[in-house]
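Asks: Residue numbers (our numbering): 206 to 316. C-beta: ideal position from N, C-alpha, C; glycine also. If you're wondering where the values come from, they're calculated on a predicted model, not measured in any experiment. Mind having a look at this structure? Questions to follow.
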């Protein structure tokens with residue numbers, strides 16, 4: 206007998222389309238409010254703006270990579286714009302080795 210099963214992600218989380226069930230529960234009240242706002246003041250402009258806002262909130266709650274939602278990506282973009290590149294490790298691939306050796310030679314000549 207072929208029983209239908211709930212679609213699951215690789216690690217066992219239940220998924221509803223591109224969203225996990227937890228994100229869907231967070232998204233659903235926002236979706237209902239947006240649909241109610243569209244239907245209460247129905248016009249072509251509100252329909253366009255409502256569908257656009259529903260699409261954007263869906264993107265924010267959808268999961269793109271493993272456990273990385275659109276909201277996480279947006280937070281990372283804002284953090285990058287505010288702080289810029291933050292490099293914690295220094296290695297040969299981040300700094301020109303020839304320049305480092307040349308600077309050390311110059312420092313020893315000055316002493």
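Taking Cβ to Cβ, would you say residue 268 is nearer than 8 Å to residue 224?
Replies: Yes, the pair counts as a contact, with Cβ atoms nearer than the cut-off.
Asks: Are there three or more Cβ pairs, one per stretch, closer than 8 Å when the region 223-242 is compared with the region 252-262?
Replies: With a cut-off of 8 Å, the region 252-262 and the region 223-242 count as touching, because enough Cβ pairs lie within range.
Asks: Classify residue 228: buried if its beta carbon has 16 or more other beta carbons within 10 angstroms, exposed otherwise.
Replies: By the neighbour-count rule (16 or more Cβ atoms within 10 Å), residue 228 is buried.
Asks: My guess is that residue 265 and residue 255 are in contact by the Cβ rule of under 8 Å, so how many angstroms apart are they, rounded?
Replies: Going by Cβ atoms, the distance from residue 265 to residue 255 rounds to 16 Å, so no, they are not a contact pair.
Asks: In angstroms with no decimal places, state the Cα-to-Cα distance between residue 248 and residue 234.
Replies: Computed Cα separation, rounded: 22 Å.
Asks: Classify residue 270 as helix, strand or coil using the three-state DSSP reduction.
Replies: Strand, per DSSP.
Asks: By Cβ distance below 6 Å, which residues in the same chain neighbour residue 232 in space, the five residues on each side in sequence not counted?
Replies: Closer than 6 Å at the Cβ level, and outside the excluded window around residue 232, lie 266.
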